[in-house]
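J.: What follows is a structure written as structure tokens; I'll ask about it next.
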Amino acid sequence: MEKMKIGVIGCGNISDIYLTNLREYANLEVVAVADLNHEKAVEKAEKYEIPRVLDVDALLADPTIELVLNLTIPAAHAEVSLRILEAGKHVYSEKPLAIKLEDGQKVLAKAKEKGLLVSVAPDTFLGGGLQTCKKLIEDGAIGEPVAATAFMLGHGPESWHPDPAFFYREGAGPMFDMGPYYLTALIHLIGPIRRLTGSARITSPERVITSEPKSGETIKVETPTHVAGILDFENGAIGTIITSFDVWGAKTPFLEIYGTNGSLSVPDPNTFGGPVLVRNAGEVEWKEVSLTHGSIENSRGLGVADMVNALREKRKPRANGELAYHVLETMHGIHESSVKGKHYEMTSKCEQPDAMPTDILSETMEG
Ligand SMILES: NC(=O)c1ccc[n+]([C@@H]2O[C@H](COP(=O)([O-])OP(=O)(O)OC[C@H]3O[C@@H](n4cnc5c(N)ncnc54)[C@H](O)[C@@H]3O)[C@@H](O)[C@H]2O)c1
């Protein structure tokens, strides 16, 4: 099988794990990298033995590249994805799909017009942990889902990220930054959302960076830093999600699903592995369940490999654009509901992504 040639735009913090993992997949190869900051692209190309460092225009003009990874900052996602599609190439974007809903719509419309595919991170739900949870629900292990809770409570990225200002701009904050992992996992496990309500606040107008190299600099906070939402799923289940950069410590679970016959403890949806635990009706103990699927280490890039397979098999990628748009609308809806003081009715729909096959060498995506 010929490997699909892939280009990468954006060679910052997250590119390392992609460039490490993408070397392992049998169906693709990264042939070129680009970044507005040319030195960063040169550094990654040397480190990961990528043959070419190009500027963005040259990468988009290369006819051998079929698919481009957009690993730029959220504010650039839509513009860069539109350029990739305009150049006739499929796009896999880091999350979120876009900041504004209109821009997300433009990306999906452009892909449709050009007959190209859009796939969007996160791909953690393709890992062994969340795939095991999906199988348990589909097999009826907890009965019908009644409710779910999801918590991402922390104190923000300014203590570890080298350039954390963008986390406090429009289109970031705890919901836009971390919500996609939790919401994608919830939709993957329970289904699409019908309506929702939310409350959000900015707690401190400024944050002080404590990570290097910008330690001591202040960031003006332009987006809510504590965001709570109630989600009514189409199947009737009720979800509660809280994401925060204002919490110093909490003992809440990552994600739990409560069914008519038992409860499911879902692993951190920002990771690929377990543990997965079930507590059946009438029992007092949680029991750990063996994982049914592979890809349990940090497998960022698994969604790219699935997208390449999807192109070859003429199907939707599991982490597809419609799913990412539904997640984007949910995040906007929670913020909008807080401002307007009323429920938000969802306008978009998406399908629950199919389970990953178990009979696949999941580490390399070879059938
Ligand atoms: N850092 C993480 O741990 C992490 C984890 C998961 C997802 N993400 C997501 O990955 C994306 C990138 O995050 P990061 O932490 O790597 O950010 P970063 O700031 O470290 O890197 C982004 C890179 O994109 C480049 N860039 C920005 N605009 C560009 C443009 N128009 N054209 C070409 N290059 C451009 C920048 O020069 C920079 O090198 C974000 O969407 C983020 O949400 C990051």
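To convert, count from 1 in the sequence shown and add 14; that's the numbering used here.
Cβ atoms here follow ideal geometry from the backbone N, Cα and C, with glycine treated the same way.
1) Hey, how far is the Cα of Lys330 from the Cα of Arg215?
2) In whole angstroms, what separates the C-alpha of Tyr339 from that of Pro136?
3) Do the stretch 220-238 and the stretch 183-191 touch if we need at least three Cβ pairs shorter than 8 Å?
4) Kindly provide the ranges of any alpha helix (DSSP H) runs that are 4 or more residues long and lie completely inside the stretch 173-256, ordered along the chain.
5) Starting from Asn294, trace the beta strand (DSSP E) both ways and give me its first and last residue.
6) Could you tell me whether any non-hydrogen atom of ligand 1 is closer than 7 Å to the CB of Asp71?
7) To the nearest angstrom, report how far apart Arg66 and His52 are at their CA atoms.
8) Touch check for the stretch 127-141 and the stretch 308-323: three-plus C-beta pairs under 8 Å?
9) In terms of DSSP beta bridges, what is Met166 paired with?
10) Across the stretch 240-249 and the stretch 115-129, are there enough close Cβ pairs to call them in contact, namely three or more that are closer than 8 Å?
11) Using only the heavy atoms of ligand 1, determine whether one of them is closer than 7 Å to the beta carbon of Pro94.
12) Tell me whether Tyr272 sits in a helix, a strand or coil according to DSSP, three-state version.
13) So, using beta-carbon positions, are Glu43 and Lys17 closer together than 8 Å?
14) Does the beta-carbon distance from Ile252 to Ala161 come in below 8 Å?
15) Looking at the strands, I want to know which residues DSSP matches up with Ser279.
16) Check whether the Cβ of Asp117 sits closer than 7 Å to any heavy atom of ligand 3, and report yes or no.
17) I'd like the list of long-range same chain contacts for Leu167, defined as Cβ closer than 7 Å, with 5 residues on each side in sequence excluded.
18) Could you tell me which residues DSSP puts in a beta bridge with Tyr106?
19) In whole angstroms, what separates the C-alpha of Glu93 from that of Glu327?
20) First and last residue of the alpha helix (DSSP H) that includes Met321?
21) Please report how far the alpha carbon of Val298 lies from the alpha carbon of Leu197, in whole angstroms.
22) In whole angstroms, give me the CA-to-CA distance for Pro110 and His346.
23) Ligand 1 and Cys364: does the residue's C-beta get closer than 7 Å to at least one heavy atom of that ligand?
24) For Ala46, which residues from the same chain have a beta carbon less than 6 Å from its beta carbon, with the 5 sequence-adjacent residues on both sides left out?
25) Nearest to Thr163 by CA position, among Arg37, Glu270 and Asn323, is which residue?
26) Is Asn51 near ligand 1, with its Cβ less than 7 Å from a heavy atom?
27) Taking the beta carbon of Thr372 as the centre, do at least 16 other beta carbons fall within 10 Å, making it buried, or is it exposed?
28) Of the choices Gly142, Asn84, Lys54 and Pro283, whose alpha-carbon is the least far from that of Met370?
29) From Ala125 to Ile223, what distance separates their C-alpha atoms?
30) What are the boundary residues of the beta strand (DSSP E) that Ile20 is part of?
31) According to the neighbour-count rule (16 or more other Cβ atoms, all chains shown, within 10 Å of its Cβ), is Glu172 buried or exposed?
32) With which residues is Arg66 paired in a DSSP beta bridge?
33) Could you check if Gly220 is buried or exposed, using at least 16 other CB atoms within 10 Å of its CB as the buried criterion?
34) Going by DSSP in three states, Val303 sits in which element: helix, strand or coil?
T.: Quick look at the numbers:
1) In the sequence shown, counting from the first residue as 1, residue 330 sits at position 316. In the sequence shown, counting from the first residue as 1, residue 215 sits at position 201. About 37 Å.
2) Here residue 339 refers to the residue found at position 325 when the sequence shown is read from its first residue. Here residue 136 refers to the residue found at position 122 when the sequence shown is read from its first residue. Roughly 12 Å separates the two Cα atoms.
3) yes
4) 187-204
5) Walking along the sequence shown from the start, residue 294 turns up at place 280. From DSSP, the beta strand (DSSP E) with Asn294 extends over Val290 to Asn294.
6) In the sequence shown, residue 71 corresponds to position 57, counting from 1. No; taking the cut-off as 7 Å, the Cβ of Asp71 has no heavy atom of ligand 1 nearer than that.
7) Position 52 of the sequence shown, counted from the first residue, corresponds to residue 66. Position 38 of the sequence shown, counted from the first residue, corresponds to residue 52. Rounded to the nearest angstrom, the two C-alpha atoms are 12 Å apart.
8) yes
9) Position 152 of the sequence shown, counting from 1, holds the residue named residue 166. For Met166, which the question treats as bridged, DSSP gives the partners Thr257.
10) no
11) By 1-based counting over the sequence shown, the position of residue 94 is 80. One point to set straight first is that residue 94 is Val, not Pro, in the sequence displayed. Checking the Cβ of Val94 against ligand 1 gives yes.
12) Within the sequence shown, residue 272 is the residue found at index 258, counting from 1. Strand, per DSSP.
13) The residue labelled residue 43 in the question sits at position 29 within the sequence shown. The residue labelled residue 17 in the question sits at position 3 within the sequence shown. Result yes, Cβ atoms of Glu43 and Lys17 sit closer than 8 Å.
14) Residue 252 sits at position 238 when you count from the first residue of the sequence shown. Residue 161 sits at position 147 when you count from the first residue of the sequence shown. Going by C-beta atoms, Ile252 is nearer than 8 Å to Ala161.
15) The residue you call residue 279 lines up with position 265 of the sequence shown. Ser279 is bridged to Glu270 and Leu291.
16) Here the bound small molecules are ligand 1; ligand 3 is not part of this structure.
17) If you number the sequence shown from 1, residue 167 lands on position 153. Correct list, in chain order: Ile256, Ser258, Val261, Ala264 and Thr266.
18) Position 92 of the sequence shown, counted from the start, is the residue given in the question as residue 106. DSSP lists Leu83 and Ser133 as partners of Tyr106.
19) Within the sequence shown, the letter at position 79 stands for residue 93. Within the sequence shown, the letter at position 313 stands for residue 327. The straight-line gap from Cα to Cα measures roughly 28 Å.
20) Numbered from 1 along the sequence shown, position 307 holds the residue referred to as residue 321. Leu316 to Glu327 is the span of the alpha helix (DSSP H), which, as asked, contains Met321.
21) For this step, residue 298 is matched to residue 284 along the sequence shown. For this step, residue 197 is matched to residue 183 along the sequence shown. Rounded to whole angstroms, Val298 to Leu197 spans 29 Å at the Cα level.
22) Here residue 110 is taken as the residue at index 96 of the sequence shown, counted from 1. Here residue 346 is taken as the residue at index 332 of the sequence shown, counted from 1. In a straight line, the C-alpha of Pro110 is about 11 Å away from that of His346.
23) The residue given as residue 364 occupies position 350 in the sequence shown. No, the Cβ of Cys364 stays beyond 7 Å of every heavy atom of ligand 1.
24) Walking along the sequence shown from the start, residue 46 turns up at place 32. Result list for Ala46: Gly21, Arg66, Leu68 and Leu73, in chain order.
25) In the sequence shown, counting from the first residue as 1, residue 163 sits at position 149. Comparing Cα positions, the closest option is Glu270.
26) To locate residue 51, count along the sequence shown from 1; it is residue 37. Because some heavy atom of ligand 1 lies under 7 Å away, the Cβ of Asn51 counts as near it: yes.
27) Within the sequence shown, residue 372 is the residue found at index 358, counting from 1. Classification for Thr372: exposed.
28) Taking the sequence shown and counting its residues from 1, one reaches residue 370 at position 356. The shortest C-alpha separation from Met370 is found at Gly142.
29) Indexing the sequence shown from 1 puts residue 125 at position 111. Indexing the sequence shown from 1 puts residue 223 at position 209. Whole-angstrom Cα-Cα distance: 38 Å.
30) Numbered from 1 along the sequence shown, position 6 holds the residue referred to as residue 20. Counting along the chain, the beta strand (DSSP E) containing Ile20 begins and ends at Met18 to Ile23.
31) Taking the first residue of the sequence shown as 1, we reach residue 172 at position 158. With 16 or more other Cβ atoms within 10 Å, it is buried.
32) Locating residue 66 in the sequence shown gives position 52, counting from the first residue. Ala46.
33) Within the sequence shown, numbered from 1, the residue matching residue 220 stands at position 206. Just to set this straight, residue 220 is Glu in the shown sequence, not Gly. It counts as exposed.
34) Position 289 of the sequence shown, counted from the start, is the residue given in the question as residue 303. Reduced to three states, the DSSP call for Val303 is strand.
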